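One rule links them: number in the working numbering = place in the first sequence (from 1) + 28. Ideal Cβ positions, reconstructed from N, Cα and C, are used throughout, including at glycine. The model shown is predicted, which means the values in this text are computed figures rather than measured ones.
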Amino acid sequence: MTLRTRFAPSPTGFLHIGGARTALFCHLHARHNRGQWLLRVEDTDRERSSEEAVAVIIEGLRWLGLVADEGPYFQSRRTARHLEVAHQLLDAGKAYRCYCTKEELDGMREEQRARHEKPRYDGRCRRRQDPPPPGRPAVIRFITPQGGDLHFSDRIQGDIRYPNDELDDLILVRSDGSPTYNLAVVVDDHDMGINFVVRGEDHLSNTPRQIHLFQALGWEVPVYAHMPLLHGADGAKLSKRHGAVSVLHYRDAGFLPEAVNNYLVRLGWSHKDQEVFTMEEMIRLFEIGEVGRSAAIFDLAKLEWLNGQHLRAASPERLAPLLVEALQRQGIANPDPGLAKAVLPQFVERAKTLVEMAEKARFYFLEAHPEFDPAAAAKHLTPPMAPPLQELRALLADADPWDVTTVEAHFRTVLERHHLKTGQLAQPVRVALTGGTVSPGIFEVLHCLGRETSLARLDKAIAFLSRPG
RNA sequence: GUCCCGUUCGUCUAGUGGCCUAGGACACCGGCCUUUCACGUCGGCAACACGGGUUCGAUUCCCGUACGGGACGCCA
29 MTLRTRFAPS
39 PTGFLHIGGA
49 RTALFCHLHA
59 RHNRGQWLLR
69 VEDTDRERSS
79 EEAVAVIIEG
89 LRWLGLVADE
99 GPYFQSRRTA
109 RHLEVAHQLL
119 DAGKAYRCYC
129 TKEELDGMRE
139 EQRARHEKPR
149 YDGRCRRRQD
159 PPPPGRPAVI
169 RFITPQGGDL
179 HFSDRIQGDI
189 RYPNDELDDL
199 ILVRSDGSPT
209 YNLAVVVDDH
219 DMGINFVVRG
229 EDHLSNTPRQ
239 IHLFQALGWE
249 VPVYAHMPLL
259 HGADGAKLSK
269 RHGAVSVLHY
279 RDAGFLPEAV
289 NNYLVRLGWS
299 HKDQEVFTME
309 EMIRLFEIGE
319 VGRSAAIFDL
329 AKLEWLNGQH
339 LRAASPERLA
349 PLLVEALQRQ
359 GIANPDPGLA
369 KAVLPQFVER
379 AKTLVEMAEK
389 ARFYFLEAHP
399 EFDPAAAAKH
409 LTPPMAPPLQ
419 ELRALLADAD
429 PWDVTTVEAH
439 FRTVLERHHL
449 KTGQLAQPVR
459 VALTGGTVSP
469 GIFEVLHCLG
479 RETSLARLDK
489 AIAFLSRPG
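Printed below as a string of structure tokens:
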């Protein structure tokens with residue numbers, strides 16, 4: 029039997045890093061086993077679901093490269109089928125109408141809490157003999173088996189044993205006639221041939237009741253794998269402060285999707301001492317049964333390191349357009365794509381994100397001269413540097429060809445004549461060309477900047493350090 | 001409150017009774033490399049929550065406690 033699983037987000041917000049991790053694990057599990065996975069949007073809560081959220085979730089998955097075999101299916105379009113099943117249960121005497129009001133239910137829960145009991149519906153309408161109150165809307169509740177334990181073997185969590193008496197009669201259909209989540213998942217998972225469910229641990233306690241539903245319907249129960257949750261830096265639930273932002277935020281922050289996937293897979297799973305994985309490796313090596321059971325905390329520093337690793341593994345062809353984009357967002361109107369590609373190797377080891385890369389490479393793309401960092405200029409653009417800089421400028425003007433080797437040769441000539449150490453000239457030149465004290469190797473910078481721009485910037489620096497006063 | 005789940009360096013993790021004076025990675029600190037910054041490299045700091053068992057022997061098995069998380073909705 030081929031494995032069929034699904035990723036089933038509810039479109040009440042964006043796809044955050046935790047949801048992305050669930051989607052990734054679904055994808056890996058399906059691909060590893062040559063199975064399929066489908067995307068199902070669980071939008072039975074019409075109040076809170078939105079179309080933008082759907083679009084953003086799909087875009088997030090697309091960016092991560094997690095492409096489903098089927099879907100997206102929309103749960104809200106399957107209402108008729110859900111209700112059909114509810115009535116089937118009703119007809120079979122496995123469900124009943126409940127006329128309890130909100131107030132009644134609230135009162136019941138309050139009393140139970142006061143008695144230190146778990147708040148749950150006591151099933152009073154199940155035993156109702158008298159005719160229903162006329163005109164009062166009813167919900168349909170499922171008759172949960174009483175007594176005994178329900179146990180199932182979770183592929184991640186292990187054997188779970190759950191006393192049936194902890195469960196109450198869950199609502200299948202709301203008083204407005206709409207099906208609830210627990211009904212919809214069971215029906216959809218069955219109808220869509222899902223035989224394996226990967227989802228967050230927050231669904232663990234829903235599982236026993238869903239299994240009861242499957243059994244009442246005479247349907248085969250899927251295998252479950254409940255993933256440990258992701259926590260923020262303070263150990264609490266993920267919030268906007270620490271990571272629960274849209275995955276697309278990471279795209280805009282200059283992260284590569286493969287780095288995000290790599291980071292996410294290592295949260296709860298490992299393979300020997302390997303840290304860096306390609307998607308192919310993840311698919312080949314990933315075993316859902318090896319996933320750990322404890323929650324993990326999101327650590328941006330490690331994501332950044334991994335991003336650096338993947339940045340280095342990526343080709344300049346792939347990265348150049350991304351760098352151009354990042355530069356544009358930093359106000360560079362028309363970054364030269366050719367220059368971006370040429371210059372990329374110089375930054376790939378110096379930046380952890382594309383955004384950082386763009387900041388560092390910015391000086392290459394400036395139309396005007398870079399502004400001298402005041403501290404850098406004060407330290408390196410000093411009057412005594414005028415003669416060597418002028419001499420360098422003169423030699424460079426005639427350098428032929430304009431390449432790294434020639435440029436370096438002229439540079440060394442100046443060094444010798446003025447008895448300077450490399451750094452003594454390199455730093456002033458660096459400030460002249462880039463505005464600051466940090467950049468790739470100075471000969472590469474000269475070369476890639478080109479003769480015209482290099483000379484102009486040197487002139488500007490010479491004028492600056494020769495200024496009166 | 002009740003039920004379920006979890007607990008190895010700051011963080012992600014390895015570890016399935018002796019190989020553990022607990023391994024790797026990120027972060028951090030220091031050396032080397034060096035034209036700056038990085039990269040690289042070498043080294044350092046740093047953990048089995050606690051208490052009982054079981055056993056010749058527990059990080060590994062059992063029980064309890066503490067702490068953390070999840071669930072308890074006409075949300076998903």
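Contact under 7 Å by Cβ, residue i with residue j
i           : j           : result
residue 212 : residue 256 : no
residue 454 : residue 489 : no
residue 462 : residue 391 : yes
residue 275 : residue 48  : yes
residue 283 : residue 362 : no
residue 171 : residue 122 : yes
residue 165 : residue 203 : yes
residue 316 : residue 253 : yes
residue 371 : residue 476 : yes
residue 493 : residue 398 : no
residue 196 : residue 149 : yes
residue 438 : residue 423 : yes
residue 52  : residue 289 : yes
residue 286 : residue 231 : no
residue 43  : residue 88  : yes
residue 190 : residue 161 : no
residue 434 : residue 425 : no
residue 379 : residue 388 : yes
residue 310 : residue 67  : no
residue 357 : residue 430 : no
residue 238 : residue 214 : yes
residue 464 : residue 404 : yes
residue 46  : residue 258 : yes
residue 432 : residue 471 : yes
residue 141 : residue 147 : yes
residue 86  : residue 37  : no
Nearest candidate by alpha-carbon position, reference residue i, set the options
i           : options               : result
residue 278 : 195, 389 and 384      : 384
residue 498 : 331, 154 and 101      : Residue 498 cannot be examined here, being either before or after the span of the chain that is shown, 29 to 497.
residue 408 : 225, 342, 310 and 451 : 451
residue 350 : 382, 146, 87 and 108  : 382
residue 420 : 456, 104 and 233      : 456
residue 222 : 433, 436 and 54       : 54
residue 298 : 308, 307 and 314      : 314
residue 486 : 406, 400 and 429      : 400
residue 415 : 472, 368, 307 and 491 : 491
residue 467 : 429, 425, 373 and 417 : 373
residue 59  : 90, 37 and 95         : 95
residue 180 : 234, 64 and 156       : 234
Rounded distance between the beta-carbons of residue j and residue i, thought under 8 Å
i           : j           : result
residue 168 : residue 118 : 6 Å
residue 251 : residue 243 : Between residue 243 and residue 251 the Cβ distance is about 15 Å, and since that is not below 8 Å, they are no contact.
residue 201 : residue 347 : Between residue 347 and residue 201 the Cβ distance is about 53 Å, and since that is not below 8 Å, they are no contact.
residue 72  : residue 206 : 7 Å
residue 225 : residue 33  : 7 Å
residue 281 : residue 326 : The pair is not a contact, with the Cβ atoms about 14 Å apart (cut-off 8 Å).
residue 50  : residue 321 : Not a contact, Cβ separation roughly 15 Å.
residue 70  : residue 103 : 5 Å
residue 93  : residue 307 : 7 Å
residue 393 : residue 355 : 6 Å
Local conformation of residue i per DSSP, three classes
i           : result
residue 156 : coil
residue 148 : coil
residue 70  : coil
residue 274 : strand
residue 251 : strand
residue 366 : helix
residue 99  : strand
residue 188 : strand
residue 418 : helix
residue 446 : helix
residue 65  : strand
residue 390 : helix
residue 397 : coil
residue 325 : strand
residue 123 : strand
residue 168 : strand
residue 494 : coil
residue 217 : helix
residue 207 : strand
Any non-hydrogen atom of the ligand ATP closer than 6 Å to residue i Cβ
i           : result
residue 134 : The ligand ATP is absent from the structure shown, which contains no ligand whatsoever.
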